[in-house]
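A.B. asks: All residue numbers for the sequence shown refer to the working numbering, where the first residue is 7 and numbers rise by one.
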Amino acid sequence: MATAVRKVKTAFSSKEEFKKALLAPDAPPEGAAYFNEDLLPTPPERRTWNALHFFSYYLTQTFSSGSYNLGATLVSTGLQWYHGMIAAAIGSIILSAIVVLNSRGATRYHVGFPVFARASAGVGGAKLFVVVRASVAVIYFATQTFYGGMITAVCLRAVFGSAWDRIPNTLPASAGISSKNLLAFFVYWIVQLPVMFLHPTLLRHLLVVKAVYTTVALFWVLGWAVHANGGSIGSFSYDKQVRLEGAALVWPMIQAINSVMGALCPILINQPDVARYATSFSQATWSQSTGILVSKLIVM
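#1: At what residues does the alpha helix (DSSP H) containing G229 begin and finish?
#2: Straight-line CA distance for S238 to G229?
#3: Per DSSP, what kind of secondary structure is A284 in: helix, strand or coil?
#4: Taking only the alpha-carbon atoms, compute the straight-line gap between W87 and L255 and give it to the nearest angstrom.
#5: Which residues in the same chain as I104 place their Cβ atom closer than 7 angstroms to its Cβ, once the five residues preceding and following it in sequence are excluded?
#6: Any chance you could list the alpha helix (DSSP H) runs of at least 4 consecutive residues sitting entirely within the stretch 65-91, in chain order?
#7: Assess contact between the stretch 53-62 and the stretch 285-303, defined as three or more Cβ pairs (one per stretch) separated by less than 8 angstroms. Is contact present?
#8: Roughly how many angstroms separate the alpha carbons of T113 and V138, rounded to a whole number?
#9: Considering only C-alpha positions, which residue in the set L80, L270 and A262 is nearest to G297?
#10: I believe P278 touches N108 by the beta-carbon criterion, under 8 angstroms. Please report the beta-carbon distance rounded to the nearest angstrom.
#11: Output needed for L177: all residues of its chain with C-beta closer than 8 angstroms, excluding positions within five of it in sequence on either side, in chain order.
#12: Residue range of the alpha helix (DSSP H) that Y40 falls in?
#13: Relative to the C-alpha of S98, which residue among L162, Q67, G130 and V218 is closest?
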């Protein structure tokens with residue numbers, strides 16, 4: 007801790023020291039830097055991800071509140087519940103093929119997505135792919151953080167009761183959010199911020215813990231819904247439901263498969279950034295495919 011504080015003080019002692027602090031450990035003192043510690047192959051002692059970690063990683067990607075409403079959304083378009091299951095199975099197969107193929111090179115050479123981008127686009131062209139991936143990550147992460155903020159608002163309402171409801175709203179209607187919900191958003195954002203600084207070799211343990219509690223939470227919510235419905239799972243039909251048949255099913259099914267795949271497509275692009283830490287290629291194959299298939303079918 008003392009060493010970290012000393013580094014921070016040194017970094018802000020002068021303009022030159024601040025520039026040095028921003029440099030990666032392996033960056034040259036002058037001239038262009040074509041590699042750093044993160045771009046070099048992962049050393050053997052950091053190749054610590056096994057099948058459990060990869061399974062947990064993809065299981066928890068779907069076991070989130072943002073995916074809970076996918077099945078209901080598909081039914082509202084005119085599909086039946088079993089159409090959603092079929093779409094989940096097809097989408098999972100396609101996703102599994104992509105994730106295994108994208109893991110192949112990373113598990114053999116132990117390098118990340120930017121290095122693989124250089125193989126096809128060169129050192130300069132790879133920057134475009136990195137910028138595009140980063141842009142998608144900003145949108146994806148912002149959406150997930152918004153969901154988390156709104157759920158935090160529900161939790162704070164449950165903790166503080168009517169006191170939470172009495173928080174005055176000082177924001178105009180054009181803001182699209184109330185003061186208390188904005189507060190909940192920042193609470194969630196502050197709590198999750200430190201996790202962003204965890205190295206993947208440490209993050210793997212958090213993923214296993216997350217896999218356990220998100221699974222428990224999912225079935226807990228299911229149990230609550232069944233209880234609230236009088237102990238019955240209810241009917242899969244509702245008033246004025248549109249039922250599609252024959253040729254009318256083609257495009258809605260394609261859209262359903264696309265919706266199933268959409269949530270994972272961003273992270274599949276930079277799959278090498280995770281697969282590079284695998285102990286072996288076999289640890290990053292069936293485990294990821296199983297995590298994708300199980301989570302998609304259960305959530306659906």
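Ideal Cβ placement from N, Cα and C applies to all residues, glycine included.
C.D. replies: For this structure:
#1: P206 to A234
#2: 10 angstroms
#3: strand
#4: 13 angstroms
#5: L274
#6: 71-74 and 76-82
#7: yes
#8: 24 angstroms
#9: L270
#10: 7 angstroms
#11: I183, S184, S185 and L188
#12: From DSSP, Y40 is part of no alpha helix (DSSP H); its letter is neither H nor E.
#13: Q67
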